[in-house]
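Just below is one structure, and these are the notes that go with it.
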Amino acid sequence: MRVAILDDEPAELRRVEQTLRQIPGTAEQPWSLHCFERSEDLLRQLRRETFDLLILDWQLPDISGIALLRWTREHMESPPAVIMLTSRDAESDIVTALNSGADDYVSKPFRPNELKARVSAVLRRHGLQKSATHEVQSFNDLTFDDAELTVTRAGKPINLTEREYRLASCLFANLARPLSREYLYERFWSHEEMVSSRPLDTHIYRLRNKLGLTADRGWQLLTIYGYGYRLESVATATSG
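Position one of the sequence shown corresponds to residue 8 (this note's numbering), numbered consecutively onward.
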């Protein structure tokens, strides 16, 4: 889970970070927390990186949190979930934030257990936090079994490594959402393996071939130059 936390008060920033680190991650969904004291720094990252969740303070010395929230909704093709975390607790402020696209609103000083619960609830609503139950999902003729880490096409197994399975599952779980290279590397490769771009490119090439991610099967795995990849569902041609 890739989360950006924005607050111009370092002590508050660290407190939020420490609270979120108490939420258990998984091998497939590790937590990666990125802290920002300036809105401009976060805005620069949003233009080139993927985040699952933003936790934004409202009052900042450069760009306000509410302005940044509105920017994500107006300019990002697939904006991340947003929780406003601020000392502004007037009803009008809460209404403004929710009407601007915020997923939730938490007042300062926050209670750690409440913040963890609200973060988990928002991620579940966005399909970003899986339940502990056995999940089987189908996409056209492909079926993903999370318990067995297997993919089948029309009942026939496709031979994937565990990393290939998890990468493919991530792409399908984020259909039509651009995913940055950094986002994918942080989730599926160790720091030592992130020395070049080739491992990711090689895995994308293999998945295109093994899963048949081509237009005639209803898929398009696009390379976004200078950013990353996006998997899209496309209409297949039908015979008349």
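All C-beta atoms, glycine included, are put in the ideal place defined by N, C-alpha and C.
Check                                                                                                           : Outcome
GLU7 - DSSP class collapsed to helix/strand/coil                                                                : The shown model of the chain, from 8 to 247, leaves out residue 7, and the question about it has no answer.
N- and C-terminal bounds of the beta strand (DSSP E) containing LEU61                                           : 60–63
Whole-number beta carbon distance between ARG51 and TYR234, since they are thought to touch under 8 Å           : Going by Cβ atoms, the distance from TYR234 to ARG51 rounds to 14 Å, so no, they are not a contact pair.
First through last residue of the beta strand (DSSP E) which encompasses ARG160                                 : 157–160
Host alpha helix (DSSP H) of SER39 (start-end)                                                                  : Looking at the DSSP string, SER39 is not in any alpha helix (DSSP H); the run it does join, the beta strand (DSSP E), is 39–43.
The beta strand (DSSP E) enclosing VAL10, as first and last residue numbers                                     : 9–13
Interface flag, TRP196 vs chain C, CB-CB below 9 Å                                                              : In summary, chain C is missing from the structure at hand, where a single protein chain is found.
Proximity of VAL143 and ALA154 at Cβ, strictly below 9 Å                                                        : yes
Per-residue burial, ILE231 [other beta carbons within 10 Å of its own, 16 or more giving buried]                : exposed
Backbone secondary structure at ILE73 - three-state DSSP                                                        : helix
Within 9 Å, strictly: CB atoms of LEU76 and ALA109                                                              : yes
Span of the alpha helix (DSSP H), counted from its first residue to its last, around SER46                      : 46–53
Under the three-state DSSP convention, the category SER127 falls into                                           : helix
Runs of beta strand (DSSP E) wholly within the region 78–135 (minimum 3 residues, chain order)                  : 88–93, 111–114
Residue from GLU19, PHE146, LEU218, TRP196 with nearest C-alpha to LEU92                                        : GLU19
Other residues of its chain near PHE151: CB distance less than 6 Å, five sequence neighbours each side excluded : GLN144, VAL158, SER176
Straight-line Cα distance separating ALA242 from PRO86                                                          : 24 Å
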